[in-house]
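S.K.:
Chains as they are written, first to last, in this note's numbering: chain A, 5 to 323; chain B, 529 to 827.
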């Protein structure tokens, strides 16, 4: 198992180098000379040329990219054009908030999606099942940011239960201000998880060994959780893991709707002020985060499904 | 033996007839298709109207500001109400249909062609070519698609064409993967061997024999991908990174909704329902298509 983890970890390095290089190249194409953006349009050509040398902008793309990677490893993402504050510091302040939001969204999706999917599967074609399937179809088709607006309209403005924007202070305040954004981020995934759990459970429910378990006189709850759910869980974990990227992307929207102080809102504001180092830094950090979560899901997957491990071993020995 | 085969082939339906028969039995999927066709008809007719009237209706009802009716609630005169500039949301939504729809369709078409081409080559030739192409695709997949779209728009600037690119590029690896797998499953079949034996060129084998047989999953992914693309377009436009005002794209109508949510609920509710119904219809259509093309997948 540890060999598998190490191998997957090493495979991540070229992927991350490629992804950061791609993002670096895209950002390099952005119009406008950074030196001119920093110094303003009235700066003298000599000052601009000096600053270019200082920022290393006179060097070729590859050299700049490797400088960037070197600095990244040291934890330095450059300074913002807008306020000269270190990009890394700003991201470090905001990333936990984004991570909290994405994780809470995931939690909503799992805590709501899996039980709903189980009940739907066990009571297939009942009223509950039909209603659930219609609701999940609607949720999966709604833009997350729009659901956020609807939640604000209903729960903040009409009922006054939760704040409509910002992040509260103190544990209670944070939780209270987190609920609506978390539901917003998690709703699409909750719908997907519910449908996935239902179909995955339905596949398992008809297997012979379930009949055997019933014939043995096992309790229905033991059959549901031990015999059915454990086997049905494998595709669900994959979906949940793959959805994390969607959740990160969705938090960008949701943070804007709820003025949540995360990386997503930071990126959108940086784009509007053409603050390239901030955009580049945030995108790179989000990619790294996403890749590590994917790695984690893959390892978890191998842990839950013994077939993956044995496949990997078989693949190694045949080479 | 030959008699039986002949008899059977006379009675049997073609693959596509079979698919159509199964599809028609799925009422939800048919509803989805009808709604989607309706949206396409609306888009085409508004484009025709613009051409015939030389944009006069567009200028008069869709983009012209009328501050006297600012934030007007839905009424008989303006059934969806008015936005912060007093423009009828009904007209803006009808005229905006084309942006969400056609940008989504074109973006997915681009992604299908490029991704399909790369995946086809990777799957057919295998070996080193396959390895290089798919590792590059892995790199693309390491970037969350919404984040990549935002980065692309940030670098290229916000415009309709750049929006198209930033929606299409993150989708390419998905299509490459699907096409690669389908091609790999078809390429070792006997009829391909037969084609090779009679000396058919690679180009003919790939485009003439393999791809038509690997079409089903591509069509399904394209339909569902268009639904996702429409969601992404609405999202980017909402952030102000997509279609620029005063163009009436649905997501961009929602941009101002947050600011006026206290005074004008209709601005946030109605365009969102439009987006939701569009995506829903495509999802239903895509799911129905998948079930019709491959009954084995149906649960």
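All residues carry an ideal CB built from backbone N, CA and C; glycine is no exception.
In this text the structure is predicted, and so the values were computed from the model without any measurement.
Quick one: what's residue 83 of chain A bridged to in DSSP?
M.R.: Looking at the DSSP assignment, residue 83 of chain A forms a beta bridge with A:90.
S.K.: Compute the Euclidean distance between the alpha carbons of residue 308 of chain A and residue 213 of chain A, then round it to the nearest angstrom.
M.R.: Approximately 19 Å between the Cα atoms of the pair.
S.K.: Measuring straight from C-alpha to C-alpha, what distance separates residue 194 of chain A and residue 247 of chain A?
M.R.: Roughly 10 Å between the two C-alpha positions.
S.K.: DSSP three-state call for residue 616 of chain B: helix, strand or coil?
M.R.: Note: residue 616 of chain B maps to strand in three-state DSSP.
S.K.: Measuring straight from C-alpha to C-alpha, what distance separates residue 753 of chain B and residue 676 of chain B?
M.R.: Taking the straight line from one Cα to the other gives about 16 Å.
S.K.: Please name the residue or residues paired with residue 610 of chain B in a DSSP beta bridge.
M.R.: The partner list for residue 610 of chain B (beta bridge, DSSP) reads B:616.
S.K.: Can you give me the Cβ contacts of residue 199 of chain A inside the same chain, cut-off strictly under 6 Å, excluding the 5 residues immediately before and after it?
M.R.: Closer than 6 Å at Cβ, skipping near neighbours: 140.
S.K.: Please report how far the alpha carbon of residue 150 of chain A lies from the alpha carbon of residue 808 of chain B, in whole angstroms.
M.R.: Computed Cα separation, rounded: 15 Å.
S.K.: Specify whether the segment 810-823 of chain B and the segment 733-741 of chain B touch according to this definition: at least 3 beta carbon pairs, one from each stretch, less than 8 Å apart.
M.R.: At 8 Å Cβ cutoff, the stretches do not touch.
S.K.: For a contact meaning CB atoms closer than 9 Å, what does residue 766 of chain B contact in chain A?
M.R.: Ordered by position in chain A, the residues that pass the 9 Å Cβ test against residue 766 of chain B are 147, 149, 150, 257, 260, 261.
S.K.: Does any CB atom of chain A fall closer than 7 Å to the CB of residue 621 of chain B?
M.R.: Chain A, which has no Cβ nearer than 7 Å to the Cβ of residue 621 of chain B, makes this no.
S.K.: Could you give the first and the last residue of the continuous alpha helix (DSSP H) run that contains residue 689 of chain B?
M.R.: Per DSSP, residue 689 of chain B belongs to the alpha helix (DSSP H) from 688-715.
S.K.: Output yes if chain A places a C-beta closer than 7 Å to the C-beta of residue 763 of chain B; else output no.
M.R.: Output row for residue 763 of chain B: interface = yes.
S.K.: Have a look at residue 23 of chain A and residue 291 of chain A and give me their C-alpha separation to the nearest angstrom.
M.R.: Between residue 23 of chain A and residue 291 of chain A, the C-alpha separation is close to 8 Å.
S.K.: Excluding sequence positions up to five away, which residues of its chain have a Cβ less than 8 Å from the Cβ of residue 573 of chain B?
M.R.: Hits under 8 Å: none found.
S.K.: Please compile the residues from chain A whose C-beta is within a distance smaller than 7 Å of the C-beta of residue 666 of chain B.
M.R.: Within chain A, the residues near residue 666 of chain B are 19.
S.K.: Just tell me which of A:272, A:37, A:28, A:89 has its CA closest to the CA of residue 67 of chain A.
M.R.: Per the Cα distances, A:28.
S.K.: Answer with yes or no whether the minimum CB distance from residue 469 of chain B to chain A is below 7 Å.
M.R.: There is simply no residue 469 of chain B to check, as chain B begins at 529 and stops at 827 in what is shown.
S.K.: Mind reading off the beta-carbon distance from residue 161 of chain A to residue 789 of chain B? Whole number of angstroms is fine, and I expect it under 8 Å.
M.R.: Right, their Cβ atoms sit about 7 Å apart.
S.K.: Between the segment 722-732 of chain B and the segment 782-802 of chain B, are three or more C-beta pairs nearer than 8 Å?
M.R.: Cβ pair count under 8 Å is below three, so no.
S.K.: Quick check on residue 216 of chain A: does DSSP put it in helix, strand or coil?
M.R.: Looking at residue 216 of chain A - three-state DSSP - the assignment turns out to be helix.
S.K.: Could you confirm whether any beta carbon from chain A is found closer than 7 Å to the beta carbon of residue 771 of chain B?
M.R.: False, the Cβ-Cβ gap to chain A never drops below 7 Å.
S.K.: Classify residue 715 of chain B as buried or exposed, calling it buried when 16 or more other Cβ atoms lie within 10 Å of its own Cβ.
M.R.: So residue 715 of chain B counts as buried.
S.K.: Kindly give me the distance between the Cβ atoms of residue 650 of chain B and residue 708 of chain B, rounded to whole angstroms, as I take these residues to be in contact under 8 Å.
M.R.: Rounded, the Cβ-Cβ distance is 5 Å, consistent with contact.
S.K.: Tell me whether the beta-carbon of residue 324 of chain A lies closer than 7 Å to the beta-carbon of residue 185 of chain A.
M.R.: Lying outside 5 to 323, the shown extent of chain A, residue 324 of chain A is not represented and no answer is given.
S.K.: Give me, in chain order, the residues of the same chain whose beta-carbon lies closer than 7 Å to that of residue 800 of chain B; leave out the 5 immediate sequence neighbours on both sides.
M.R.: Only 782 meet the Cβ criterion.
S.K.: DSSP state of residue 582 of chain B, grouped into three classes?
M.R.: Residue 582 of chain B: coil per DSSP, three-state reduction.
S.K.: Give a yes or no on contact between the segment 12-19 of chain A and the segment 657-676 of chain B, applying the rule of three or more CB pairs nearer than 8 Å.
M.R.: Touching, per the Cβ criterion.
S.K.: If you follow the alpha helix (DSSP H) that residue 481 of chain B is part of, which residue opens it and which one closes it?
M.R.: For residue 481 of chain B there is no data in the structure shown, the boundaries of chain B being 529 and 827.
S.K.: Would the beta-carbon of residue 262 of chain A fall within 7 Å of that of residue 169 of chain A?
M.R.: Yes, the Cβ-Cβ distance between residue 262 of chain A and residue 169 of chain A is below 7 Å.
S.K.: Between the segment 671-683 of chain B and chain A, which residues of the former have a C-beta closer than 9 Å to a C-beta of the latter?
M.R.: The segment 671-683 of chain B vs chain A, Cβ under 9 Å: 671, 672, 673, 674, 675, 676, 677, 678, 679, 680, 681, 682, 683.
S.K.: Using only CA atoms, which one of A:289, A:92, A:177, A:74 lies nearest to residue 81 of chain A?
M.R.: Looking at the Cα atoms, A:92 is the closest of the given residues.
S.K.: What is the DSSP secondary structure of residue 551 of chain B, reduced to helix, strand or coil?
M.R.: DSSP places residue 551 of chain B in helix when its eight states are reduced to three.
S.K.: Please identify, using Cβ separations under 8 Å, the residues of the segment 546-571 of chain B that lie next to chain A, in order along the chain.
M.R.: Cβ contacts with chain A: none found.
S.K.: Mind checking if residue 756 of chain B is an interface residue toward chain A, Cβ cutoff 7 Å exclusive?
M.R.: By this cut-off, residue 756 of chain B is not an interface position.
S.K.: List the residues of chain D whose Cβ lies closer than 9 Å to the Cβ of residue 153 of chain A, in chain order.
M.R.: No chain D appears in this structure, whose protein chains are A and B.
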